[in-house]
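Going left to right, the sequence shown walks through residues 4 to 346 as the working numbering numbers them. By construction, the Cβ of each residue, glycine as well, lies at the ideal position given by its N, Cα and C atoms. This one's a predicted model, so the numbers in the text were calculated from it and none came from an experiment. Worksheet: one structure, shown below.
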Amino acid sequence: MTRTARRRWTRELQNEVDGIAVGEKGPVLLHGYDQPAGGRWVDSAIPGKLGAYDRSSGEQLWLSPCEVGYGRGFGAGFGAANDALVLGPSSSGSSGHRIARMSLDNGELIGVGEVPAFDEAAVWGDVCVCVSAKRVVAIDSTTLRVRWSYDREGERYHHLARVGERVLVLYTQQATKKRGVLALDAASGDFQSIVLPPTAARIHDLVVEPGALVLLIGDVTAALPNDALLELLQKHPDKDAAELRGLALYAISPQKATSKPLWFDIFPTPDDEDDLPEVSISSDNGKLYVIRNAFLEVRDALTGRALGEWTVPGLDERVGWKVCQGAGVLAEETRVSVFELPA
Numbered sequence: 004m005t006r007t008a009r010r011r012w013t014r015e016l017q018n019e020v021d022g023i024a025v026g027e028k029g030p031v032l033l034h035g036y037d038q039p040a041g042g043r044w045v046d047s048a049i050p051g052k053l054g055a056y057d058r059s060s061g062e063q064l065w066l067s068p069c070e071v072g073y074g075r076g077f078g079a080g081f082g083a084a085n086d087a088l089v090l091g092p093s094s095s096g097s098s099g100h101r102i103a104r105m106s107l108d109n110g111e112l113i114g115v116g117e118v119p120a121f122d123e124a125a126v127w128g129d130v131c132v133c134v135s136a137k138r139v140v141a142i143d144s145t146t147l148r149v150r151w152s153y154d155r156e157g158e159r160y161h162h163l164a165r166v167g168e169r170v171l172v173l174y175t176q177q178a179t180k181k182r183g184v185l186a187l188d189a190a191s192g193d194f195q196s197i198v199l200p201p202t203a204a205r206i207h208d209l210v211v212e213p214g215a216l217v218l219l220i221g222d223v224t225a226a227l228p229n230d231a232l233l234e235l236l237q238k239h240p241d242k243d244a245a246e247l248r249g250l251a252l253y254a255i256s257p258q259k260a261t262s263k264p265l266w267f268d269i270f271p272t273p274d275d276e277d278d279l280p281e282v283s284i285s286s287d288n289g290k291l292y293v294i295r296n297a298f299l300e301v302r303d304a305l306t307g308r309a310l311g312e313w314t315v316p317g318l319d320e321r322v323g324w325k326v327c328q329g330a331g332v333l334a335e336e337t338r339v340s341v342f343e344l345p346a
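Now the structure itself:
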């Protein structure tokens, strides 16, 4: 039975939102900007703002100008010393991208540093890890200096996730145009292993929880080992492998170099390709959150077991979505809402 998620609070904003962050405790962080008249701006980035909002009530705690603006690449999160960290484009600096460290108490700027240009970044208390097509770079969360950099000839990098001391990176082997997942040491950047061999042409995203790395994959038959593929075909005797290549969830162990799945589930393919839903995934506290348009499905990440389905108003218009400790933070262009979800 599909229910409507309970909205804890909603706040209308004067500026446009382009990024959010929420942790296990403390405020919700919103990064935004004032849209220039006509949408034109001389520099590569529009000046940004960072605001902190009470996670229970939505009350604005502070709003401050931010050294990171609006443009290509963004990441935000929480440091280990009551601070917020924001990475993204800036109109200042030689690289065009910066990292800013700000006090959670009042938004005061603590420090700023330059970082190599990136497409995606994730923030943790010890390091912030940035991904661009050519390299993976870690920035120390306290000193704001580059701690390590990883790149290997013949690889392109797309998305990342972290479990414990392992950073998992979705990459493409350029010679074959196939995608897989590799593991790096979070502290040093040393290569550890190939977690998933590059055999699939389309892997759209990845999330990780202890015990389960879940991939949003375009062709599950390309990732399945032979015995699992044979079992799948036996379950569907009326279909061949080509008919089972739809979008799927595919879970494997994040610690072992194997393609053997913990579980997988292929989404139904509509008769009309124009009816294909927009699907994305996130995870928190052992749960997998699957977004299909305005619907949110919650599963156990380790087993794939369905835990419930909700309609979340505005989810199909999102510019940002995060879940932490049962709080689903949804950002639309000029509005932010917090919904109550199973923790």
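Query                                                                                                                 : Result
Nearest-angstrom Cα separation, counted from L171 out to C133                                                         : 12 angstroms
Validate contact between the stretch 72 to 79 and the stretch 122 to 139 using beta carbons, cut 8 angstroms, 3 pairs : yes
Residue interval of the alpha helix (DSSP H) (run including A225)                                                     : 223 to 226
C-alpha gap between V149 and I142, whole angstroms                                                                    : 4 angstroms
Member of H34, G54, N18 whose CA lies at the smallest distance from the CA of A40                                     : N18
Whole-Å CB distance - L16 paired with G29, under 8 angstroms assumed                                                  : Incorrect: roughly 20 angstroms between the Cβ atoms, too far for contact.
E212 burial status per 10 Å Cβ neighbour count (16 or more: buried)                                                   : buried
Candidates P257, L265, L247: closest to P271 by CA position                                                           : L247
Opening and closing residue of the alpha helix (DSSP H) in which D230 lies                                            : 229 to 238
Cα-Cα separation between E111 and N85, rounded to whole angstroms                                                     : 12 angstroms
Run of the beta strand (DSSP E) containing A141, from where it starts to where it stops                               : 139 to 143
8 angstroms CB neighbourhood of T202 in its chain, flanking five on each side removed                                 : K181, G183, A225, A226, S262
Secondary structure, beta strand (DSSP E): runs of 3+ residues fully inside the stretch 76 to 121                     : 78 to 81, 86 to 92, 100 to 106, 112 to 118
Under 8 angstroms between C-beta atoms of L344 and G331                                                               : yes
Beta-carbon proximity check, R215 vs L250, cutoff 8 angstroms                                                         : Just to set this straight, residue 215 is Ala in the shown sequence, not Arg. Not closer than 8 angstroms, so no.
Where the beta strand (DSSP E) through E123 begins and ends                                                           : 123 to 126
Cross-strand partners of K52 (DSSP beta bridge)                                                                       : G35, P68
Beta-carbon proximity list for G192, same chain, < 7 angstroms, skipping 5 on both sides                              : A141, W151, S152, Y153
Which listed residue (P92, L318, D108, S93) has its alpha carbon closest to that of G82                               : D108
Closest by C-alpha distance to V20, when choosing among G51, I113, W12                                                : G51
Residues near H207 in its chain [Cβ-Cβ closer than 6 angstroms; skip 5 each side]                                     : L219
Cβ shell of V139 (< 8 angstroms), same chain only, five flanking positions each side left out                         : V132, C133, S152, Y153, D154, Y160, L163, V170, V172, L187, G192
With 16 other Cβ atoms within 10 Å as the buried cut-off, status of K259                                              : exposed
Residues sharing a beta bridge with Q176, DSSP                                                                        : E158, K181
Segment limits, beta strand (DSSP E) that includes E212                                                               : 206 to 212
Span of the beta strand (DSSP E) around L252                                                                          : 251 to 255
Whole-angstrom distance between L299 and V210, CA atom to CA atom                                                     : 16 angstroms
For L252 and F267, believed in contact at Cβ under 8 angstroms, the rounded distance                                  : 6 angstroms
Cα-Cα separation between P316 and A297, rounded to whole angstroms                                                    : 7 angstroms
Beta-bridge partners of R302, as assigned by DSSP                                                                     : L291, A309
Burial state of S286, where buried means 16 or more other Cβ atoms lie within 10 Å                                    : buried
Cβ shell of R321 (< 7 angstroms), same chain only, five flanking positions each side left out                         : L333, A334, E335
Cα-Cα separation between T5 and L318, rounded to whole angstroms                                                      : 15 angstroms
CB of I23 within 8 angstroms of CB of L33, strictly                                                                   : yes
Burial state of G167 (16 or more Cβ within 10 Å)                                                                      : exposed
Exposure label - L90; buried when at least 16 CB within 10 Å                                                          : buried
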